[in-house]
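In the numbering used here, the protein residues as written are 56 to 102.
Note that the Cβ used here is the ideal one computed from N, Cα and C, for glycine as well.
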C-alpha cells in the first residue's frame, strides 16, 4: 500500500469558499474517519 497526500486542496462554489487550502497526509496503515455534522463538507472533501 502507499500514502495519500493532499496539498492545498480547495473547493468553492462561485465566490463562496467551501474548503479553503486543506493539507492532509495519510500514512500507510493509518485508518482515517471524517466526522462532523450534516452539511459540514465531509462528502465534498472526498469528491
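Comparing alpha-carbon positions, which option in the options lies nearest residue i?
i, options, result
"residue 74", "61, 83, 88, 57", "61"
According to DSSP, is residue i part of a helix, a strand, or is it coil?
i, result
"residue 65", "strand"
"residue 72", "strand"
Rounded to whole angstroms, how far is the Cβ of residue i from the Cβ of residue j, which I believe are closer than 8 Å?
i, j, result
"residue 100", "residue 89", "6 Å"
Could you give the distance in angstroms between the alpha-carbon of residue i and the alpha-carbon of residue j?
i, j, result
"residue 64", "residue 72", "11 Å"
"residue 93", "residue 102", "16 Å"
"residue 56", "residue 81", "11 Å"
"residue 67", "residue 91", "19 Å"
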